[in-house]
Amino acid sequence: MMEDKQFIEFFRQMIREEMAAKNDGPKLLSTAAVAEKLDVSVDYLTKEIMHLKSFPKPVRFKNRGFLKFYEHEIDEFILGLRKEA
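Numbering-wise (the working numbering), the sequence shown opens with residue 3 and increments by one.
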């Protein structure tokens, strides 16, 4: 009986780890989410910040034309700003 409970708990832990691994992939942010993260308006982001050489390049989805940004690249950009300040 106890072995069954241990097996079930082991199986549950394996499932939890597998689900966590799937969530560890690169995350894409919308323009609005990036603006919020930078605490600026979307308009200011698109007209001023996105034209900086150090700002990460967006990923464009052809079927919809929406711009997305890799979250880790935005985080690195923010850290770079903090180092300059």
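Idealized CB from N, CA, C, for every residue including glycine. In this text, all values refer to a predicted model and were calculated from it rather than measured experimentally.
A direct Cα-Cα distance of roughly 42 Å separates I76 from F9.
Collapsing the DSSP output to three states places V42 in coil. Sixteen is the threshold: when 16 or more other Cβ atoms of the shown chains lie within 10 Å of the Cβ of V36, as they do, the residue is buried. In the DSSP assignment, K64 forms no beta bridge with any residue. For the set I51, F79, L69 and R84, the Cα lying nearest the Cα of S32 is the one of L69. Your pair P58 and F79 checks out as a contact, with CB atoms roughly 6 Å apart and the cut at 8 Å. Taking C-alpha positions only, T48 is separated from K39 by approximately 14 Å.
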